[in-house]
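S.K.:
Residue numbers (this note's numbering): 6 to 368.
(1) Report the rounded CA-to-CA distance for residue 43 versus residue 175, giving the unit in angstroms.
(2) Let's test the definition: count the other Cβ atoms within 10 Å of the Cβ of residue 121 and tell me whether it reaches 16, buried, or not, exposed.
(3) Taking the alpha-carbon positions, what's the residue 100 to residue 74 distance?
(4) Could you pull out every residue in the same chain whose Cβ sits closer than 7 Å to the Cβ of residue 133, ignoring the five residues on either side in sequence?
(5) Looking only at C-alpha atoms, which of 59, 64, 204 and 67 sits nearest to residue 77?
(6) Could you spell out where the alpha helix (DSSP H) holding residue 186 opens and where it closes?
(7) Just confirm the distance between the C-beta atoms of residue 223 and residue 114, as a whole number of angstroms; I'd bet it's less than 8 Å.
(8) For the stretch 252-292, list the alpha helix (DSSP H) runs that are entirely contained and at least 4 residues long, ordered along the chain.
(9) Counting along the chain, where does the alpha helix (DSSP H) carrying residue 73 start and finish?
(10) Going by the CB atoms, is the gap between residue 148 and residue 275 shorter than 8 Å?
(11) In the structure shown, what three-state DSSP assignment does residue 181 receive?
(12) Please state if the CB of residue 35 and the CB of residue 71 are separated by a distance shorter than 8 Å.
(13) Around the C-beta of residue 225, are 16 or more other C-beta atoms found within 10 angstroms, so that it is buried, or is it exposed?
(14) Count the other CB atoms, across all protein chains shown, that sit within 10 Å of the CB of residue 62; report buried if there are 16 or more and exposed otherwise.
(15) Nearest to residue 151 by CA position, among 163, 166, 180 and 13, is which residue?
(16) Quick check: the stretch 181-190 against the stretch 330-337, are at least 3 beta-carbon pairs closer than 8 Å?
(17) Can we say the stretch 337-357 touches the stretch 277-289, given the rule of at least three CB pairs closer than 8 Å?
(18) Measuring alpha carbon to alpha carbon, tell me which residue in 65, 195 and 164 is nearest residue 337.
(19) Using only the alpha-carbon positions, how far apart do residue 137 and residue 204 sit?
(20) In chain order, what residues of the same chain have a beta carbon less than 8 Å from the beta carbon of residue 32, not counting five sequence neighbours either side?
(21) Around the Cβ of residue 362, are there at least 16 other Cβ atoms within 10 angstroms (buried) or fewer (exposed)?
(22) Locate the beta strand (DSSP E) running through residue 64, then write down its first and last residues.
(23) Would residue 135 pass as a contact of residue 91 if the rule is Cβ separation under 8 Å?
(24) Quick one: residues in its chain with C-beta nearer than 6 Å to the C-beta of residue 93, no 5 flanking neighbours on either side, listed in chain order?
(25) Are residue 1 and residue 95 close, meaning C-beta to C-beta below 8 Å?
(26) What's the gap between the Cα of residue 69 and the Cα of residue 38?
(27) DSSP three-state call for residue 50: helix, strand or coil?
(28) Let's see if you can read the secondary structure: which residues bound the beta strand (DSSP E) around residue 108?
(29) Quick check: residue 316 and residue 303, are their CB atoms within less than 8 Å of each other?
(30) Please work out which residues of its chain come closer than 6 Å, Cβ to Cβ, to residue 349, disregarding the five sequence neighbours upstream and downstream, and give them in chain order.
(31) Is DSSP giving residue 362 helix, strand or coil here?
(32) Contact defined as beta carbons within less than 8 Å: I believe residue 142 pairs with residue 197. What is the distance between those atoms, to the nearest angstrom?
(33) Among 207, 236, 52 and 30, which residue has its Cα nearest to the Cα of residue 13?
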């Protein structure tokens, strides 16, 4: 133990100025005086990690407290669950696409639709996985950029009403070191998925059908179509832009192609993920930007907004996520970079554009 303390003390002193140190509850604990802690901590982490230890840096009672903890070994990952969930999600997404593409309404407005039904179905499935896959790729890019390890994505099957999937998630296998890394990890996924959703929505709406509102009402009465629920603002703007560019008369509406619905799913997933709650993507960004107390306030505010706007079920889920807490990065003292503070504005922008509104679209 004594040789360990001497060795660690020498390592810590190479990177930080120590005003006091002690062994507290079996943990080496230091009070450090340095202001430029970000790079110092990264170098200390690299050196200690090779020796089987990890540092943490927290602000407590106005002091910077550095602790040295035993590093946990990364458990071997079993790909079986990833594969099982991927197959299940392919099945549920395909089933959702089947329900859309076998609707008789498409044959009414497009006589050759049934001839290419399989291609429409395949296009829908690929569109859903394009949006979800690009979202997860954004997270993976952030991990690679910061040398963080994570599991492959776990795709989550869902009901046909939301496209057949609840999205996907990856589990971090190594700790997040500072607020910059936490911010990137939280933002890159939604930002990538947001861009992918726009591409798919534009493609899908360009394939959609403009039909008289009178016909749409008849089809609704027959139960052949229904209003698209929870339409995101961005989806509305793109749809209205399409109608305007085609100089469509006011008494016409859009019968959306299944690919356009995949874009809707992507925007809804983006909206949910950008909410600053718990360990959702938006929660990571808020935790990096606001800190622990600000993150808690933002989480409760977001949950309250969800309840007021009628998303009670999602609010309950968000509350459960919030109650799990957020561990924050190992270095919770170093501030977020200036560039990232500016980029934070993209989070409420994406959340607002993907927020849902009353729809006048039919499918």
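We treat Cβ as the ideally placed atom computed from N, Cα and C, and that holds for glycine.
M.R.: On the basis of the supplied data:
(1) Cα to Cα, residue 43 sits roughly 26 Å from residue 175.
(2) So residue 121 ends up on the exposed side.
(3) In this structure, the straight-line span from the alpha carbon of residue 100 to that of residue 74 is close to 49 Å.
(4) Closer than 7 Å at the Cβ level, and outside the excluded window around residue 133, lie 98, 168, 169, 170, 267 and 270.
(5) Put simply, of 59, 64, 204 and 67 the residue whose alpha carbon is nearest the alpha carbon of residue 77 is 59.
(6) Note, residue 186: alpha helix (DSSP H), 184-211.
(7) Between residue 223 and residue 114 the beta-carbon gap is near 12 Å, outside 8 Å, which marks them as no contact.
(8) Here the runs fully enclosed are 263-279.
(9) Element bounds for residue 73: not the alpha helix (DSSP H) but the beta strand (DSSP E), 68-75.
(10) Not in contact: residue 275 and residue 148 (Cβ atoms no closer than 8 Å).
(11) Looking at residue 181 - three-state DSSP - the assignment turns out to be coil, as it is neither helix nor strand.
(12) Their beta carbons are under 8 Å apart, which means residue 71 touches residue 35 by this criterion.
(13) Exposed, by the Cβ-count rule.
(14) Under this definition residue 62 is a buried residue.
(15) Of the listed residues, the one whose Cα sits closest to residue 151 is 180.
(16) Flag = yes, the stretch 330-337 and the stretch 181-190 touch.
(17) With the cut-off at 8 Å, the stretch 337-357 and the stretch 277-289 touch.
(18) The residue from 65, 195 and 164 with its alpha-carbon nearest to that of residue 337 is 65.
(19) Each residue's Cα considered, the two are about 13 Å apart.
(20) Correct list, in chain order: 72, 73 and 74.
(21) Residue confidence is low: residue 362 scores 45 on pLDDT, short of 50, so the model does not pin down where it sits. Its coordinate-derived value is still stated next. Burial check for residue 362: the Cβ neighbour count within 10 Å stays below 16, so the residue is exposed.
(22) In the DSSP assignment, residue 64 falls within the unbroken beta strand (DSSP E) covering 58-65.
(23) No, the pair does not count as a contact, with Cβ atoms beyond the cut-off.
(24) Around residue 93, the same chain offers 162 as residues with beta carbons nearer than 6 Å, after the five sequence neighbours per side are excluded.
(25) This structure cannot settle anything about residue 1, because the visible part of the chain is limited to 6 through 368.
(26) Between the alpha carbons of residue 69 and residue 38 lies a distance of about 7 Å.
(27) Helix, per DSSP.
(28) Boundaries cannot be given for residue 108, as no beta strand (DSSP E) includes it and DSSP labels it neither H nor E.
(29) Between residue 316 and residue 303, the C-beta spacing is not below 8 Å.
(30) If we look at residue 349 and ignore the five residues flanking it on each side, its Cβ neighbours are 294.
(31) Because the pLDDT of residue 362 is 45, which lies under 50, any placement of that residue in the model is unreliable, and the number read from its coordinates should be weighed accordingly. In the three-state scheme derived from DSSP, where H, G and I count as helix and E and B as strand, residue 362 is classed as strand.
(32) About 6 Å separates the CB atoms of residue 142 and residue 197; that is less than 8 Å, so the two are in contact.
(33) Shortest Cα-Cα distance from residue 13 to any of 207, 236, 52 and 30 involves 52.
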